[in-house]
Amino acid sequence: MLTRLVNHMIWIFKGVQVYGLVGKSGTGKSFRAELVADKYNIEMIIDDGLLIKDQKILAGKTAKRAKGILAAIGTALFASNEHATQVRQALYQEKFKRILLIGTSEKMVRKIAHRLLLPNPHKIVLIEDVATKEEIDAAPRARNSTGKHIIPVPAIEVKQTYPRIFFDSIKIFFKRRFHPVRKGHFIEKTVVRPDYSDRGRISISEAALTQMVLHCV
115 MLTRLVNHMI
125 WIFKGVQVYG
135 LVGKSGTGKS
145 FRAELVADKY
155 NIEMIIDDGL
165 LIKDQKILAG
175 KTAKRAKGIL
185 AAIGTALFAS
195 NEHATQVRQA
205 LYQEKFKRIL
215 LIGTSEKMVR
225 KIAHRLLLPN
235 PHKIVLIEDV
245 ATKEEIDAAP
255 RARNSTGKHI
265 IPVPAIEVKQ
275 TYPRIFFDSI
285 KIFFKRRFHP
295 VRKGHFIEKT
305 VVRPDYSDRG
315 RISISEAALT
325 QMVLHCV
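If you want it as structure tokens, here you go:
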């Protein structure tokens, strides 16, 4: 309790704010993480057990490498002390003001913040705030039919550490809609097939991918 209080005060003293991106599983949260980060000038992202900055994995391990659903949930929640400690230490070494935690509920986001000794969320962003109903409805269908998931980092970041689950990569032109003076640029995301997913078709739904791309541009 004392350790958490001390860390909480340290983050507050540094002016760090925690944001949460919340949505049901498979609704496209990882795909839209950069969109939310760009809107709120967020430098760091926690997604499925990974600490990400500037599209690079700084620390952690992906829940998408877990052997089963329960193990994946545990990884995403930093249930392992070793896992949580590694990411905490990486956070202490970085200079940042805002961090985005991705979860399936506000409760999950708060649990992640608690495990990483971060302050309680300053703001919760719902997936419905950054995606249309049609896009949200299409995302689970694509995942269920293909067994594919997105990790918001370039392929090289995933290939080196998790070659077994790597499937493909996609590049999208990212227009800075919230900061028009900044130039748009291409961002790369990695498509993976977790060990625990069903072995379905070997391609992403074209309609679902088109919808996600159109939303980002």
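Heads up, the sequence shown is in the working numbering, so the first residue is 115 and it goes up one at a time. The beta-carbon is built from N, C-alpha and C at its ideal position, and this holds for glycine as well.
What does DSSP give as the partner residue(s) for Gly217 in the beta ladder? Taking the sequence shown and counting its residues from 1, one reaches residue 217 at position 103. The partner list for Gly217 (beta bridge, DSSP) reads Val136.
Within the same chain, show all residues whose beta-carbon is closer than 8 Å to that of Tyr133, passing over the 5 residues directly before and after it, in chain order. Residue 133 sits at position 19 when you count from the first residue of the sequence shown. Val150, Tyr154, Ile156, Arg212, Ile213, Leu214, Leu215, Pro235, His236, Lys237, Ile238, Val239, listed in sequence order.
For Arg212, the residue or residues it bridges with in DSSP: Taking the sequence shown and counting its residues from 1, the one referred to as residue 212 is at position 98. Per DSSP, Gln131.
Among Leu116, His228, Gly137, whose alpha-carbon lies nearest the alpha-carbon of Ala245? Within the sequence shown, the letter at position 131 stands for residue 245. Considering only alpha carbons, the answer is Gly137.
Look at the Cβ atom of Thr176, then the Cβ atom of Gly163, and state whether they are nearer than 9 Å. Against the sequence shown, residue 176 aligns to sequence position 62. Against the sequence shown, residue 163 aligns to sequence position 49. A contact, by the Cβ cut-off of 9 Å.
Comparing alpha-carbon positions, which option in Glu242, Lys221, Asp243, Lys209 lies nearest Gln131? On the sequence shown, residue 131 is found 17 positions in, with the first residue counted as 1. That would be Lys209, whose Cα lies nearest to the Cα of Gln131.
Distance check for Val223 and Val201, CA to CA, integer angstroms please. Numbered from 1 along the sequence shown, position 87 holds the residue referred to as residue 201. Numbered from 1 along the sequence shown, position 109 holds the residue referred to as residue 223. Looking at the two C-alpha atoms, the distance is approximately 15 Å.
Skipping 5 residues on each side, what residues in its chain have a beta carbon closer than 8 Å to that of Ser219? As a position in the sequence shown, residue 219 is number 105, starting the count at 1. If we look at Ser219 and ignore the five residues flanking it on each side, its Cβ neighbours are Val136.
Inter-residue spacing [alpha-carbon to alpha-carbon] between Asp161 and Ala190: Along the sequence shown, one-based indexing puts residue 161 at 47. Along the sequence shown, one-based indexing puts residue 190 at 76. Looking at the two C-alpha atoms, the distance is approximately 7 Å.
Give every residue of the same chain whose Cβ lies closer than 7 Å to the Cβ of Asn121, excluding the five residues on either side of it in the sequence, and list them in chain order. Counted from its first residue, the sequence shown places residue 121 at position 7. Within the same chain, Asn121 has close Cβ partners Leu231.
Arg229 and Ala198 closer than 9 Å at C-beta: Sequence index remark: in the sequence shown, residue 229 carries index 115 (1-based). Sequence index remark: in the sequence shown, residue 198 carries index 84 (1-based). Cβ atoms of Arg229 and Ala198: closer than 9 Å.
Looking at C-alpha atoms only, which residue of Thr117, Asp152, Ala204, Pro233 is the closest neighbour of Lys128? Looking up residue 128 in the sequence shown gives position 14. Lys128 has its Cα closest to that of Pro233, out of Thr117, Asp152, Ala204, Pro233.
Val267 and Ile171 look like a contact to me (Cβ under 8 Å); what is the Cβ gap, rounded to whole Å? Walking along the sequence shown from the start, residue 267 turns up at place 153. Walking along the sequence shown from the start, residue 171 turns up at place 57. Their Cβ separation, rounded to whole angstroms, is 6 Å, which keeps Val267 and Ile171 in contact under 8 Å.
Pick from Lys181, Leu205, Gly142, Ala147: whose alpha carbon is nearest that of Ala227? The count along the sequence shown starts at 1 and reaches residue 227 at position 113. The shortest C-alpha separation from Ala227 is found at Leu205.
Using the three-state DSSP reduction, which class does Ala147 fall into: helix, strand or coil? What you label residue 147 is simply residue 33 of the sequence shown in a count that begins at 1. Helix, per DSSP.
Taking DSSP's pairing of strands, which residues face Leu240 in a bridge? As a working note, residue 240 is residue 126 in the sequence shown. Val136, per the DSSP bridge assignment.
If we ignore side chains and look at the alpha-carbon of each, how far apart do Ser259 and Lys221 end up? Sequence index remark: in the sequence shown, residue 259 carries index 145 (1-based). Sequence index remark: in the sequence shown, residue 221 carries index 107 (1-based). Its pLDDT being 49, under 50, Ser259 is placed unreliably in this model, and the value from its coordinates should be taken loosely. Looking at the two C-alpha atoms, the distance is approximately 28 Å.
With distances taken Cα to Cα, identify the nearest neighbour of Glu249 among Asp152, Thr141, Leu116. Here residue 249 refers to the residue found at position 135 when the sequence shown is read from its first residue. Residue Thr141 is the option with its Cα nearest to Glu249.
Please return the same chain residues whose Cβ sits closer than 7 Å to the Cβ of Gly217, not counting the five positions on each side in sequence. As a working note, residue 217 is residue 103 in the sequence shown. Once the five neighbours on either side are set aside, the close Cβ partners of Gly217 are Gly134, Val136, Val223, Ile226.
Which stretch, first to last residue, makes up the alpha helix (DSSP H) that contains Ile187? If you number the sequence shown from 1, residue 187 lands on position 73. Taken as a continuous stretch (DSSP letters only), the alpha helix (DSSP H) holding Ile187 covers 183 to 190.
How would you label Thr304, buried or exposed, when you count the other beta carbons within 10 angstroms and need 16 or more for buried? Looking up residue 304 in the sequence shown gives position 190. When all chains shown are included, Thr304 counts as buried.
In the DSSP assignment, the beta strand (DSSP E) including Ala204 goes from what residue to what residue? Counting from 1 along the sequence shown, the entry for residue 204 is found at position 90. Taken as a continuous stretch (DSSP letters only), Ala204 belongs to no beta strand (DSSP E), being part of the alpha helix (DSSP H) at 195 to 207.
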